[in-house]
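Undergrad: Chains as they are written, first to last, in my numbering: chain A, 486 to 863; chain B, 582 to 913. Glycine is no exception: its CB is placed at the ideal position from the N, C-alpha and C atoms. Remember, it's a predicted structure, so these values are computed and weren't measured experimentally.
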Amino acid sequence: MKTLRRQRALADYTLAALARRKVKNSALVGVFSLVVFLLASAMFFASALRHEADTALQGVPDLIVQHLSLGRQGMISEDRIAELESIRGVSKVRGRLWGYYYDRVVGANYTVMVPDGGAMPPPGQVIVGEGVLRARGLDWEGAPLFLSRKQGDLSRFDIAKTFDSDSALLTADLLLMNEADFRAFFSVPAGVYTDIAARVRNANELATIVDKATRIMPDERFVTRDDIARTYMKLFDWREGLMVALGAMAMLAFAIFAADKASGLSAEESREIGILKAIGWDTRDVIAMKLWEGGLVSIGAFLLGCVAAYAHVFWFGATLFAPVLKGWAVIYPDFPLAPVIDAAQLVTLFLLTVLPYAAATVVPVWRVASADPDAVMR
Amino acid sequence: MIFRTPILTLLLVSALAILVALGAAWFGQRVLRQWDLTSGSRAQLLMERRTELISTLFAMVMLAEAVALFLFVFNADRMAALFVGAMCAVGTLNVNPYGFPALYAKIGVFFAAAVWLVMDHVDRLGRDYPLTRAKYALVLAIAPLVIVAGGLELAWYLGLKTDVITSCCSKLFTPANAGISDEMAAVDPALALWALAGAQVLVLALGTFAAKTGRGHGLFALAGAVFFAVALTAMVSVIALYVYENPNHHCPFCILKPEYGYIGYAFYIPLFGATALALGLGAVAPFKRRGSLRAPLPPVLRRLTLWAMAGFAAYGAVTLYAIARSHLILFG
Chain A
486 MKTLRRQRAL ADYTLAALAR RKVKNSALVG VFSLVVFLLA SAMFFASALR HEADTALQGV
546 PDLIVQHLSL GRQGMISEDR IAELESIRGV SKVRGRLWGY YYDRVVGANY TVMVPDGGAM
606 PPPGQVIVGE GVLRARGLDW EGAPLFLSRK QGDLSRFDIA KTFDSDSALL TADLLLMNEA
666 DFRAFFSVPA GVYTDIAARV RNANELATIV DKATRIMPDE RFVTRDDIAR TYMKLFDWRE
726 GLMVALGAMA MLAFAIFAAD KASGLSAEES REIGILKAIG WDTRDVIAMK LWEGGLVSIG
786 AFLLGCVAAY AHVFWFGATL FAPVLKGWAV IYPDFPLAPV IDAAQLVTLF LLTVLPYAAA
846 TVVPVWRVAS ADPDAVMR
Chain B
582 MIFRTPILTL LLVSALAILV ALGAAWFGQR VLRQWDLTSG SRAQLLMERR TELISTLFAM
642 VMLAEAVALF LFVFNADRMA ALFVGAMCAV GTLNVNPYGF PALYAKIGVF FAAAVWLVMD
702 HVDRLGRDYP LTRAKYALVL AIAPLVIVAG GLELAWYLGL KTDVITSCCS KLFTPANAGI
762 SDEMAAVDPA LALWALAGAQ VLVLALGTFA AKTGRGHGLF ALAGAVFFAV ALTAMVSVIA
822 LYVYENPNHH CPFCILKPEY GYIGYAFYIP LFGATALALG LGAVAPFKRR GSLRAPLPPV
882 LRRLTLWAMA GFAAYGAVTL YAIARSHLIL FG
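Right under this line is the structure:
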């Protein structure tokens, strides 16, 4: 109880002391919270992206088989479907047709796909993502979409439906076509597919199934959903890490600044410490008071920085960092980020920002606190 | 792999800890050789002043190291998704030979840091620096541990290659595998539960005795250490089975995963905290009779004992909760 009372009194005194030097301390909190904001934005944004990618990958097939020719992906033969189906545990094997179409009019790439099952548009019609409409400026009902493969060539498609923006991350640049239209438009002969997708009933069997399939079709490449998830995670982690490493440089600069600030005390502050020591405070009390000061400044800056980063990332779409972390494209999906923050992230951020600050200021604080009262007052 | 925020943070904490530990060790050897409270020499006065700085800095990094241990495990668990064959922290720690040694070293640093923090706290109670020599002798022992832990951690992170196929916890913690982990998994569940109950009664009884009479803290510390070992064995042998509702999965790391409601933290935070406090109590109890500590120390010892007992009791309570909630029927 006595300890608590002492700490409360110290905190009380420190707050009053901080309020006496408003300008200096607000500047310190301001700069510190800017650094926290920088780091927190990068972390929040990357974790939101990882979450989006995870959600998006839920719908990806468990196993994708691609044909490799000259080390590049080529078209895969229809026969492989039956071979894959013959392996126990594999289900829903289907050939997929998809590719990219470069639209010279707006300089953007579209992803063109043939959907399976119910979503198949009728011949001559397409289902498009809102990004395509945006790029083309097709904002009136019933406007046809003209696609040109080469000079003098023009194919007309009617727009059967538009994807809503809820699924923008996946559908912004998407164009769904009828299978016959697709084969005609891209001159894809019958009997081949871009790749083959399959479901595997038991995820624990995936490795064994890939092993068996590799023996049956040694020329093909097998990509599992976990592979894709892992690649995304690595990519976002790496980008986040890079941003954080840059932010850490800012933190280092700030720590030096803070150490400098803490060692160069104003005459008024020295007098204050001198008086405190003269009326009976000992070095420990002064250090404790100064640590409280540092603690209050760091916590204030930490909270401010985190809240600002939250607003920046989740309300304003991370305008400052989006190009670095998201990647970029002419048609970029406009998607709201779901706020995903966990306690571990906040702990990490706290260690990353407050610890260096505290470590940088302890030495100057001690130097001031341990000086003799007459020496500091003189 | 090093460009992951938690890894960068953990390395930063380790680097700071190593830096401070080296400084503190250098100062510590001077204290051990030259400390003389009766002397009024300039060197002694400077040393007395400097000990405030070193203590504050060292306490700060030791606290950071304690937090870092949990971040270390949490991050290892998170990274499991990056490695083929890894399901939880075990897989990640197994990617290269430095993972588990790094974890053990960090746990060692955690307990050493806790003991040191308790000593430092007690030292500040007395006006005549009663524990200063002991405190700095301990710094000399902790510094190499901090350096080794930091080195192992760095080696582990640098060696994390995602093309390595690692082995998961279900392979490590099976009675069919050789090593200490399988010995723990092979302990009879009933025996493990009885042992846990016995250790619980023992540690609480000794704690009550110590809190009431102000004696027997050494025994309480010993009982705490025993409880720690028994609790971990029971975790691998039986408690994990109840949490996973699976009679074959013994992993003590999977319980930290979100699928199980992070219940692992409810087990480990009280257990590690209480054991650390008990060890700290054992370390400072011999100084009870020092002149300046005679009055202020007993209430502090009592308070810390009660906290440690609360932690041990919490582990038992969470165990009961996990068993009551589980649908697994192991007995009868």
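Can you give me the C-alpha to C-alpha distance between Val784(B) and Leu761(A), rounded to a whole angstrom?
TA: To locate residue 784(B), count along the second sequence from 1; it is residue 203. To locate residue 761(A), count along the first sequence from 1; it is residue 276. So the alpha carbons of these two residues sit roughly 46 Å apart.
Undergrad: Using only the alpha-carbon positions, how far apart do Gly897(B) and Trp775(B) sit?
TA: Within the second sequence, residue 897(B) is the residue found at index 316, counting from 1. Within the second sequence, residue 775(B) is the residue found at index 194, counting from 1. Those two C-alpha atoms are separated by around 12 Å.
Undergrad: How is the beta strand (DSSP E) around Gln610(A) delimited, first residue to last?
TA: For the purposes of this step, residue 610(A) is taken as the residue at position 125 of the first sequence. Its beta strand (DSSP E) spans residues 610 to 613.
Undergrad: Can you give me, in chain order, the residues of the segment 684 to 718 of chain B that have a beta carbon less than 9 Å from any beta carbon in chain A?
TA: Result list: Arg705.
Undergrad: State yes or no: is the C-beta of Val520(A) within less than 9 Å of the C-beta of Arg710(A)?
TA: Counting from one through the first sequence, the residue named residue 520(A) turns up at place 35. Counting from one through the first sequence, the residue named residue 710(A) turns up at place 225. In this structure, Arg710(A) does not lie closer than 9 Å to Val520(A) by Cβ.
Undergrad: By alpha-carbon positions, which one of Leu882(B), Ala847(B), Gln625(B) ends up nearest to Ala895(B)?
TA: Numbered from 1 along the second sequence, position 314 holds the residue referred to as residue 895(B). The shortest Cα separation from Ala895(B) among Leu882(B), Ala847(B), Gln625(B) belongs to Ala847(B).
Undergrad: Closest to Ala778(B) by C-alpha separation, out of Met660(B), Thr794(B), Met668(B), Leu901(B), would be which residue?
TA: As a first step, residue 778(B) is located in the second sequence; it is residue number 197 there, counting from the start. The shortest Cα separation from Ala778(B) among Met660(B), Thr794(B), Met668(B), Leu901(B) belongs to Leu901(B).
Undergrad: Of all the residues that make up the segment 728 to 754 of chain B, which are near chain A by a beta-carbon distance shorter than 8 Å?
TA: Residues passing the 8 Å Cβ filter: Thr743.
Undergrad: Just to make sure I have the definition right: I need the residues of chain A whose C-beta is within less than 7 Å of the C-beta of Thr856(B). Which are they?
TA: In the second sequence, residue 856(B) corresponds to position 275, counting from 1. Result: empty, since nearest Cβ-Cβ is about 21 Å, beyond 7 Å.
Undergrad: Looking at the unbroken beta strand (DSSP E) that takes in Ala657(A), where does it start and where does it end?
TA: Numbered from 1 along the first sequence, position 172 holds the residue referred to as residue 657(A). Segment: none, Ala657(A) is in no beta strand (DSSP E) and carries neither H nor E.
Undergrad: What are the residues in the segment 760 to 793 of chain A lying within 7 Å of chain B by C-beta distance?
TA: So the list reads Thr768, Arg769, Ile772, given in the order they occur along the chain.
Undergrad: Residues in the same chain with beta-carbon distance under 6 Å from Trp777(A), minus the five sequence neighbours each way, listed in chain order, please.
TA: On the first sequence, position 292 is the one that residue 777(A) refers to. Once the five neighbours on either side are set aside, the close Cβ partners of Trp777(A) are Leu495, Ala496, Thr499.
Undergrad: For Tyr587(A), is the classification buried or exposed, using 16 other Cβ atoms within 10 angstroms of its Cβ as the cut-off for buried?
TA: Numbered from 1 along the first sequence, position 102 holds the residue referred to as residue 587(A). Exposed.
Undergrad: Since Ile549(A) is in the beta strand (DSSP E), which residue starts that stretch and which ends it?
TA: Indexing the first sequence from 1 puts residue 549(A) at position 64. That run of the beta strand (DSSP E) goes 548 to 554.
Undergrad: Where does Phe631(A) land, buried or exposed, given buried means 16+ other C-beta within 10 angstroms?
TA: Taking the first residue of the first sequence as position 1, residue 631(A) is located at position 146. The residue in question, Phe631(A), is exposed, as its Cβ has fewer than 16 Cβ neighbours within 10 Å.
Undergrad: With 16 as the cutoff for other CB atoms within 10 Å, does Gly779(A) come out buried or exposed?
TA: Residue mapping note: residue 779(A) aligns to position 294 of the first sequence, counting from 1. Result: buried.
Undergrad: Here's the rule I'm using: 16 or more other beta-carbon atoms within 10 Å means buried, otherwise exposed. How should Ala596(B) be labelled?
TA: To locate residue 596(B), count along the second sequence from 1; it is residue 15. Ala596(B) should be labelled exposed.
Undergrad: Do you know how far the Cα of Asn677(B) is from the Cα of Arg457(A)?
TA: With chain A running from 486 to 863 in the structure shown, residue 457(A) is simply not present.
Undergrad: Quick check on the DSSP output: the beta strand (DSSP E) that includes Val597(A) runs from which residue to which?
TA: Counting from one through the first sequence, the residue named residue 597(A) turns up at place 112. That run of the beta strand (DSSP E) goes 593 to 598.
Undergrad: Could you spell out where the beta strand (DSSP E) holding Glu568(A) opens and where it closes?
TA: Taking the first residue of the first sequence as position 1, residue 568(A) is located at position 83. Run containing Glu568(A): none in the beta strand (DSSP E); it sits in the alpha helix (DSSP H), 564 to 570.
Undergrad: Going by other Cβ atoms of all chains shown within 10 Å of its Cβ, with 16 needed for buried, is Val782(B) buried or exposed?
TA: Here residue 782(B) refers to the residue found at position 201 of the second sequence. Exposed is the call here.
Undergrad: Drop a sphere of 10 angstroms on the beta-carbon of Thr488(A), count the other beta-carbons inside from all chains shown, and report buried for 16 or more, exposed for fewer.
TA: For the purposes of this step, residue 488(A) is taken as residue 3 along the first sequence, with counting starting at 1. Thr488(A) should be labelled exposed.
Undergrad: In terms of DSSP beta bridges, what is Gln492(A) paired with?
TA: Position 7 of the first sequence holds residue 492(A). Answer is none; Gln492(A) lacks a bridge partner.
Undergrad: Under 8 Å, with one C-beta from each stretch per pair, do the segment 806 to 819 of chain B and the segment 846 to 861 of chain B reach the 3-pair mark?
TA: Result yes; three or more Cβ-Cβ pairs closer than 8 Å.
Undergrad: In this structure, how does DSSP classify Ile713(A) when only helix, strand and coil are distinguished?
TA: As a first step, residue 713(A) is located in the first sequence; it is residue number 228 there, counting from the start. Correct three-state label for Ile713(A): helix.
Undergrad: Can you name the start and end residues of the alpha helix (DSSP H) that Tyr823(B) belongs to?
TA: What you label residue 823(B) is simply residue 242 of the second sequence in a count that begins at 1. Counting along the chain, the alpha helix (DSSP H) containing Tyr823(B) begins and ends at 821 to 825.
Undergrad: Leu632(A) by DSSP, collapsed to three states: which one?
TA: For the purposes of this step, residue 632(A) is taken as the residue at position 147 of the first sequence. Strand at Leu632(A).
Undergrad: Thr794(B) to Phe799(A), Cα distance in whole Å?
TA: If you number the second sequence from 1, residue 794(B) lands on position 213. If you number the first sequence from 1, residue 799(A) lands on position 314. Roughly 57 Å separates the two Cα atoms.
Undergrad: Express the C-alpha separation of Glu537(A) and Gln543(A) in angstroms, rounding to a whole number.
TA: As a first step, residue 543(A) is located in the first sequence; it is residue number 58 there, counting from the start. As a first step, residue 537(A) is located in the first sequence; it is residue number 52 there, counting from the start. Cα to Cα, Gln543(A) sits roughly 10 Å from Glu537(A).
Undergrad: Taking the beta carbon of Trp851(A) as the centre, do at least 16 other beta carbons fall within 10 Å, making it buried, or is it exposed?
TA: The sequence position of residue 851(A) within the first sequence is 366, counting from 1. By the neighbour-count rule (16 or more Cβ atoms within 10 Å), Trp851(A) is buried.
Undergrad: On a CA-only basis, which of Arg614(B), Asn675(B), Met643(B), Ala821(B) is nearest Ala773(B)? Give me that one, please.
TA: Reading the second sequence from its first residue, position 192 is the one you call residue 773(B). When each option's Cα is compared against that of Ala773(B), the closest is Ala821(B).
Undergrad: Strictly under 9 Å for the Cβ-Cβ distance: is Glu725(A) near chain B by that measure?
TA: Locating residue 725(A) in the first sequence gives position 240, where the first residue counts as 1. Closer than 9 Å: yes.
Undergrad: Using DSSP's beta-bridge definition, name the partner residues of Arg611(B).
TA: Residue 611(B) sits at position 30 when you count from the first residue of the second sequence. None, per the DSSP bridge assignment.
Undergrad: Give the residues from the segment 621 to 643 of chain B that approach chain A closer than 7 Å (Cβ to any Cβ), ordered along the chain.
TA: For the segment 621 to 643 of chain B, which is checked against every Cβ of chain A, the residues closer than 7 Å are Arg630, Glu633, Leu634, Thr637, Leu638, Met641.
Undergrad: Against chain B, does Asp722(A) count as a neighbour if the rule is that its beta carbon must be under 9 Å from one of theirs?
TA: Position 237 of the first sequence holds residue 722(A). Chain B contact via Cβ: present.
Undergrad: Less than 9 Å between CB atoms is the rule here; does Asp866(A) satisfy it with respect to chain B?
TA: What the structure shows of chain A is the stretch from 486 to 863, and residue 866(A) is not part of that stretch, so it cannot be assessed.
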